[in-house]
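In this note's numbering, the protein residues as written are 1 to 870. Cβ atoms here follow ideal geometry from the backbone N, Cα and C, with glycine treated the same way. Read through the structure below, which is laid out as structure tokens, and then see the notes.
Here it is, written out as structure tokens:
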């Protein structure tokens, strides 16, 4: 008759177990007088028992702790502690600590080390003590079956730690988070804290490219697992090894936690804890590993892709057919966004490929997937493996990968761009289409990041030269970024190209979204305008690690777009000092945004900190652009004029910052203030000549505003048209900036009342954005226009005439125009004209708002002015 295995005990977490211990120490513990804690070796049972003992001492308990070990008199120590706890206090004793007067807690660690006879004797004595005296007991052991006499008490199996708990434990032990994959360690350790710590200690800095990496077992881990392994028969060890290998392969393919029954089908595997499983795997010979993989490959109960992987691991010879099948599997994994799994499968395919050129190509693809998906350590390991070979048959294969690794590690963008250009120029034979497209897309991305118009032109030439093998992503980049003098339609509006790009993105290759958003960062600045791509892209790549960078960039840009400048350095953008180590994928764009928001706020300390933290990553012209913003906000037009003219016209540079196109207004305004409007006209002509295909409605509206500043007539119409378009498609800073320019033009053309409305609107918006230098500039213009000081709510009113104030007050009381005219001997039409002029001064558009507006007006005006108005 087959022996029935004991029923599994419910799992309990560490917090739950501490709650149970508090109930155990309570005056009426009920069935919790004895708590049994079970679990595998290294699960932290002893540490929890010690924590409970410390809490018991704090509550006034007398704690007797006994550690049971082989060859010790642990049973006698436990019995002695029981006798001491059960001894009555001496008559007349006043000692609070006297046995018999103080509750006692017995802590018995590793209870399973006692012999069966001693275990039964001790169990009976403890049960009697907890019922007859104020005694509690906490016992830890690895067996799943408690002593028979303790069946009525509380027994708990300690559940494995979660990934977050393992990560916190490793950080507490001094392991840096960036040097290890906590999720992988948690999976390999099975949630066992001892196994996780020892694996982290032995494997920190090592990157495994194998589907079933052999663990490095330390002495402490070996001692913990040896006690279980020595009890196994050879057949049980083989079963455990087979199940461990199966679990590793399934976990590598699933990129996450596997079902508990995977890899524990054998009876021996069910009783093997994490330490024993790691030890068996580490001590297995090559022959044993090949045999186990061969048996798993022949197991028809397993899925076909799992059997395929075991078949590849069971061979130590070249097999091109097997390499082909593995490559097809990797393509499916990429389409499913399981990039880490795809990299491991491609590395295995490279190991069984017969031709060296095929091996190089497979490793190049694996490195590309790992790098652009965000697995940088894995990518560096693949690059190192590929370079360890003596052949370099595909020179362009790893060029895009190595350049990207250098870029995200904070390398100089100019050297990265040069590296990619040299690799393309060195092509002597037709390269693999995927490698070629990566190189071309890299040229576009780094040229835009550096603001290099010449490099962008060379990238476009390469795209034309290889247009027969061009991916739709590169077609989009080429058509969008190629500068042209014609009014070509934006490529993003081409429906056919949209469909081709989305189909290409669905393939799952991570280089496509990464380089696409580097080359077209305005997809983040204007997510509403290009929503078709953003929504589809986010839906398809939500599991890709590199999209965390893209999502972060979009969130930061959206925060700034909503006008969150006041807290951008801490909430929306993060403190600049936090990015000193690695700038990440969008490091240059983030640092540009940091510098931009700090400059708009007038935060000189943050601006200086940005410049110190990002010297190696932000080009000099970015600092020049920030300097222009600062100078223009302080009306230092001559210095700003020289700075912009020194930078020359580079529309490509505008892509890196949402403020970029506003440079048109800054320069034109400076040229007019300095009496050099001709220079402004020449500047705008240069912009029109190089107007690229990505020219959007926002760019057109801002150019319209710049033309309005320079125009000799119809300025009002141009300004109003520009403001109307900007309200639809503008960035958060566009509307107040154009309103300020409009108000200044009106004041200088002696239209004081009209200028006050625009300047007030600009000052209010600047104040809401937290752009203090620009708020001060708008208020200075308002004072020059003779307006009253704005109140704390941001409202300011132009002065009403006495007649306007009188008529507005009567209208606010509910009188009609005809009734007001009868009292003042005016026509209803004249009354309407006075109200028409009063409404803009009070910043209202409805008659019903007159009463509240007049109250604010009277509070804001001085007593003398109020009496005069009345």
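Tell me residue i's beta-bridge partners as DSSP assigns them.
i: residue 36; result: 139, 155
i: residue 109; result: 67
i: residue 12; result: 158
i: residue 62; result: 104
Restricting to Cα atoms, I'd like to know which of the options is closest to residue i.
i: residue 675; options: 356, 702, 709; result: 709
i: residue 514; options: 497, 498, 549; result: 549
i: residue 211; options: 251, 191, 242, 468; result: 251
i: residue 24; options: 750, 135, 273; result: 135
i: residue 156; options: 171, 12, 130, 275; result: 12
i: residue 14; options: 32, 37, 29, 30; result: 37
i: residue 671; options: 660, 183, 639; result: 639
i: residue 524; options: 510, 589, 667; result: 589
i: residue 107; options: 182, 247, 21, 838; result: 21
i: residue 313; options: 697, 292, 320, 200; result: 292
i: residue 332; options: 682, 346, 460, 317; result: 346
i: residue 844; options: 711, 808, 227, 818; result: 808
i: residue 492; options: 507, 476, 824; result: 476
For residue i, count neighbouring C-beta atoms within 10 Å of its own C-beta (all shown protein chains included) and say buried if the count is 16 or more, exposed if not.
i: residue 591; result: buried
i: residue 804; result: buried
i: residue 386; result: buried
i: residue 137; result: buried
i: residue 354; result: exposed
i: residue 193; result: buried
i: residue 834; result: buried
i: residue 231; result: exposed
i: residue 148; result: exposed
i: residue 827; result: exposed
i: residue 202; result: exposed
i: residue 324; result: exposed
i: residue 478; result: buried
i: residue 451; result: buried
i: residue 742; result: buried
Quick check: what's the CA-CA separation for residue i versus residue j?
i: residue 778; j: residue 440; result: 46 Å
i: residue 633; j: residue 673; result: 14 Å
i: residue 47; j: residue 357; result: 54 Å
i: residue 299; j: residue 213; result: 22 Å
i: residue 235; j: residue 285; result: 15 Å
i: residue 53; j: residue 114; result: 21 Å
i: residue 811; j: residue 856; result: 16 Å
i: residue 35; j: residue 243; result: 33 Å
i: residue 129; j: residue 145; result: 22 Å
i: residue 481; j: residue 694; result: 6 Å
i: residue 836; j: residue 776; result: 30 Å
i: residue 503; j: residue 359; result: 28 Å
i: residue 414; j: residue 388; result: 28 Å
i: residue 16; j: residue 196; result: 22 Å
i: residue 51; j: residue 163; result: 22 Å
i: residue 270; j: residue 522; result: Per-residue confidence for residue 270 stands at a pLDDT of 48, beneath the threshold of 50, marking its modelled position as unreliable; the derived number appears in the next sentence. Rounded to whole angstroms, residue 270 to residue 522 spans 55 Å at the Cα level.
i: residue 339; j: residue 782; result: 58 Å
i: residue 645; j: residue 663; result: 11 Å
i: residue 624; j: residue 595; result: 11 Å
i: residue 405; j: residue 423; result: 15 Å
i: residue 494; j: residue 473; result: 13 Å
i: residue 257; j: residue 374; result: For residue 257, the predicted model reports a pLDDT of 49, less than 50, meaning its position is unreliable; a value from the coordinates is still stated below. Each residue's alpha carbon lies about 20 Å from the other.
i: residue 460; j: residue 382; result: 30 Å
i: residue 39; j: residue 384; result: 41 Å
i: residue 200; j: residue 218; result: 10 Å
i: residue 887; j: residue 379; result: Since the displayed the chain opens at 1 and closes at 870, residue 887 lies outside it and no answer follows.
i: residue 580; j: residue 409; result: The predicted model places residue 580 with a pLDDT of 37, which falls under 50 and marks its position as unreliable, so this point remains unresolved.
Any chance the CB of residue i is under 7 Å from a heavy atom of the ligand COA?
i: residue 495; result: Here there are no bound small molecules, and the ligand COA is not part of this structure.
- prompt: Touch check for the segment 675 to 685 and the segment 713 to 728: three-plus C-beta pairs under 8 Å?
  reply: no
- request: Would you check if there are 3 or more beta carbon pairs closer than 8 Å linking the segment 46 to 63 to the segment 103 to 114?
  value: yes
message: I want to know whether the segment 299 to 314 touches the segment 64 to 76 - three or more CB-CB distances under 8 Å.
response: no
query: Three or more C-beta pairs closer than 8 Å, one from the segment 461 to 469 and one from the segment 494 to 502: is that the case here?
result: no
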